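Some notes on the structure that comes next.
Protein chains: 2
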Amino acid sequence: MTQLQINEVAPRDGFQIETTFVPTDEKIRLIDALSASGLTRIEATSFVSPKAIPALADAAEVVAGIQRRPGVGITVLVPNLKGAERALAGGVDEINLVMSASDSHGRTNLRMTPEQSLEQFAEILAMVRSHSRGSSVFINASLSTSFGCPFEGEVPQARVLDLAGRLLELGVQGVTLCDTTGMANPAQVARLCEAALAGFPGTPFTLHFHNTRGMGLANALAAWQAGIIRFDASLGGLGGCPYAPGATGNVCTEDLVHMFEQMGVATGVDLDALLAASARLPTLVGHETPGQVVKAGKADRRYPMPSR
Amino acid sequence: MTQLQINEVAPRDGFQIETTFVPTDEKIRLIDALSASGLTRIEATSFVSPKAIPALADAAEVVAGIQRRPGVGITVLVPNLKGAERALAGGVDEINLVMSASDSHGRTNLRMTPEQSLEQFAEILAMVRSHSRGSSVFINASLSTSFGCPFEGEVPQARVLDLAGRLLELGVQGVTLCDTTGMANPAQVARLCEAALAGFPGTPFTLHFHNTRGMGLANALAAWQAGIIRFDASLGGLGGCPYAPGATGNVCTEDLVHMFEQMGVATGVDLDALLAASARLPTLVGHETPGQVVKAGKADRRYPMPSR
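Chains B and R, in that order, are what the protein sequence lines are.
When the first sequence is numbered by my numbering, its final residue is 308 and no position is left out of the sequence of numbers.
When the second sequence is numbered by my numbering, its final residue is 308 and no position is left out of the sequence of numbers.
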């Protein structure tokens, strides 16, 4: 059975919405711990304007400061050409471009329609290809609202597949299908994943779920049953959805790893190392995290018989 | 596609561990609201010693006070012969016996080994059958720790299936396989459900999950894929696990209904009515509940475009 590949996104998707600035050395310490745990990919930060996201203003310092390990790809979110240039200069392994599958979410979140995003991606790809070290950098694109848009509702599967195809034609090497606001359900996930794998064989698709409505692990299960082996996940379940106050964030890395390992599906990840890293998060961000296994312990936890 | 049958257990499994006594009239009001929502079965209370569980000391008043609706079975948990007599006197539709699949959990929780529980069930069944109105009462048995025991660990599937078979031979009409402390994973759930349905065709099996480690809905999905259509669930995700402090409780009724309805699997339940009832729970129990959809809204919730 193929081993899962988990892309840890807490340092980017998690920290970006925190009101507490996590000190740069703490970010580096966390990423180093994660990268020693067996995760294959870590989204370390975002090369975005510090005005837009002050929490990630230290992107360059973080990328320069972390340990690099063979087999652990360091990826960064990049919103535009300037961000891509900074990312290349920083020496990352992967650039993760982001666009929305829906017009209204694109305009709101990125100030660009999907068509405008695709045009911009063409420029970014040309720049990366012309860059001396660009040839070795993997280009991924994340398709937000692939399972629904909080403004316009349903996003047709045909539209998502069409955009994925156009991304691949542009030269993007991997596509992440994102359930940005936790609208996906397992039946929909199975349909889209099956169609994507059948339509673009060999393409590395990653699935990005939020646990907004409690379906995060059920959706991951459905994606895996459909043949997906790559998942974004966030330590402690950090992250969130600005349109669902009170809801939990990204699907939780250690809960995802725990489920699959319990099922006998190898992840290559040292779950105890993840749990130790997760246990430190409340101190870093100043609040409890939604992760469950860090509170309950693993399923093989044993209790002494109570004396009576 | 067969409609799901949801057994609401919050009034019993949820309230029994609350430190705040929910007033009897509030319990009745809640059960009446739930029974108007399309749920097919409600576990209204437990006829247990008031000393053992003071929170359910008003069991007889609750059963006497609730509205009875055609199509909504009122079931009660019964730990012993005396409880069964009280339940019959109260005029319930179903009695839910409980035993453990593991020796150590049985001794700790019920002061009985599985063998002793089976002997006791034989007496209870004989009493019920001899009772003038007993012939119309459905007898279910819940098998605790069917997916693992917090004291001894693995509970072999063959043992669970053997106990289910012996329950059915005794005259029990339905069996609930309980993941009492949230140890189950979807692969294990699929295996046990497939084996149970194949081994005892026609038997109404119910699955009872806790969300202790975040896998509640994933396990329900796996059970449904294996052919299970009956689930226990608790409004708001009330309930808990004494061996997993900080962990969430039973799988949440409205989150379960929401997932299946989003998948196009009919539940017959009015989700808005459930959500309205769930929104009142924090007032009744004095704390937030783990349910997610009541906080985030349904997946089809739409937001206005932010002005900028």
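All C-beta atoms in this analysis are idealised placements derived from N, C-alpha and C, irrespective of residue type, glycine included.
Computed from a predicted structure; not experimentally measured.
Worksheet item: Pro186/B touches chain R at which residues, Cβ-Cβ below 8 Å?
Response: The answer, in chain order, is Leu221, Met259, Met263.
Worksheet item: Among residues of its own chain, excluding the 5 on either side of Thr40/R, which ones have a beta-carbon nearer than 8 Å to its beta-carbon?
Response: Gln5, Ile6, Asn7, Gly71, Val72, Gly73, Gly268
Discussion item. My output table needs one value for Ile228/B: the three-state DSSP class, helix, strand or coil.
Written reply: Of the three classes helix, strand and coil, the one that applies to Ile228/B here is coil, per DSSP.
Worksheet item: So, do the region 115-129 of chain R and the region 158-172 of chain R have three or more beta carbon pairs nearer to each other than 8 Å?
Response: yes
Worksheet item: Can you name the start and end residues of the alpha helix (DSSP H) that Gly91/R belongs to?
Response: Per DSSP, Gly91/R lies in no alpha helix (DSSP H) segment and is marked neither H nor E.
Discussion item. Against Thr248/B, what residues of chain R qualify as contacts under a CB-to-CB distance less than 7 Å, listed in chain order?
Written reply: The CB of Thr248/B comes closer than 7 Å to the CB of Gln292 in chain R, given here in chain order.
Fill in: Nearest candidate by alpha-carbon position, reference Ser142/R, set Ala158/R, Pro79/R, Pro186/R
Checked all of Ala158/R, Pro79/R, Pro186/R; the closest Cα to Ser142/R is Pro79/R.
Fill in: Nearest residue (CA-CA) to Ala222/B, options Asp232/B, Arg280/B, Pro156/B, Val189/B
Val189/B
Discussion item. When you compare the CB of Ser104/R with every CB in chain B, is at least one pair closer than 8 Å?
Written reply: yes
Worksheet entry | Straight-line gap, Pro186/B to Phe205/B (C-alpha atoms, nearest Å) | So the two alpha carbons sit approximately 17 Å from each other.
Practice prompt. Could you say which of Pro201/R, Phe15/R, Ile31/R, Ala44/R lies nearest to Leu168/R if we only look at CA atoms?
Written response: Checking every option, the nearest Cα to that of Leu168/R belongs to Pro201/R.
Worksheet item: Taking just the CA atoms, how far does Pro54/B sit from Leu125/B?
Response: 26 Å
Worksheet item: Going along chain B, which residues have a C-beta under 7 Å from Arg213/R?
Response: In chain order: Asp255, His258, Gln292, Val293, Ala296, Ala299.
Discussion item. If the criterion is Cβ atoms closer than 8 Å, does the pair Gly237/R and Gly227/R meet it?
Written reply: Their beta carbons are not under 8 Å apart, which means Gly237/R does not touch Gly227/R by this criterion.
Practice prompt. Check the DSSP bridge columns for Leu143/B and list the partner residues they point to.
Written response: Met99/B, Leu177/B
Discussion item. Using CA atoms only, rank isn't needed, just tell me which of Met259/R, Val265/R, Asp255/R is closest to Leu275/R.
Written reply: Asp255/R
Worksheet item: Since Arg41/B is in the beta strand (DSSP E), which residue starts that stretch and which ends it?
Response: 41-46
Practice prompt. May I have the straight-line CA-CA distance separating Val257/B from Gly83/B, to the nearest angstrom?
Written response: 31 Å
Item to complete: Figure out for me which residue from Gln16/R, Val9/R, Val48/R, Val98/R has the closest Cα to the Cα of Ile31/R.
Response: Val9/R
Fill in: Through-space distance from Leu217/R to Leu110/R, alpha-carbon basis
28 Å
Worksheet item: What residue does the beta strand (DSSP E) around Thr75/B start on, and which one ends it?
Response: 73-78
Discussion item. Please report the distance separating the alpha-carbon of Ala60/R from that of Cys193/B.
Written reply: Rounded to the nearest whole angstrom, the C-alpha separation of Ala60/R and Cys193/B is 51 Å.
Item to complete: Taking a Cβ distance cut-off of 7 Å, strictly less, list which residues of the region 178-202 of chain R are near chain B, in chain order.
Response: Gly182, Met183, Asn185, Pro186, Ala187
Fill in: Proximal chain B residues relative to Pro150/R, where beta-carbon distance stays under 8 Å
Going along chain B in sequence order, the residues near Pro150/R (Cβ under 8 Å) are Arg301, Arg302, Tyr303.
Worksheet item: Between which two residues does the alpha helix (DSSP H) harbouring Leu4/B extend?
Response: Note, Leu4/B: premise wrong, no alpha helix (DSSP H); not H, not E.
Discussion item. At the level of alpha carbons, what is the spacing between Val128/B and Arg68/B?
Written reply: 21 Å
Discussion item. Using 8 Å as the threshold, is the C-beta distance between Gly148/B and Val155/B below it?
Written reply: yes
Discussion item. Please report whether the beta-carbon of Ala218/R lies at a distance below 8 Å from any beta-carbon of chain B.
Written reply: yes
Worksheet item: Whose C-beta lies closer than 8 Å to the C-beta of Ser46/R among residues of the same chain, with five residues either side of it excluded?
Response: Arg12, Gln16, Ile53, Leu56, Ala59, Val76, Leu77, Val78, Pro79, Gly83
Practice prompt. Return the CA-CA distance between Ala184/B and Gln173/B, expressed in angstroms with no decimal places.
Written response: 24 Å
Fill in: Sequence-distant residues of the same chain with beta carbon closer than 7 Å to Cys131/B, five excluded per side
First, the residue type needs correcting, since residue 131/B is His and not Cys in the sequence shown. Leu88, listed in sequence order.
Fill in: Cβ shell of Arg191/B (< 8 Å), same chain only, five flanking positions each side left out
Correct list, in chain order: Gln157.
Worksheet item: Could you check where the beta strand (DSSP E) with Thr206/B kicks off and where it finishes?
Response: 205-208
Practice prompt. Determine the burial state of Ala233/R: buried for a count of at least 16 other Cβ atoms within 10 Å of its Cβ, exposed for fewer.
Written response: buried
Worksheet item: Taking DSSP as the reference, what is the three-state secondary structure of Phe151/R?
Response: coil
Worksheet item: Looking at His287/R and the ligand ATP, is the gap between the Cβ and the nearest heavy atom below 7 Å?
Response: This structure does not include the ligand ATP; it has no bound ligands of any sort.
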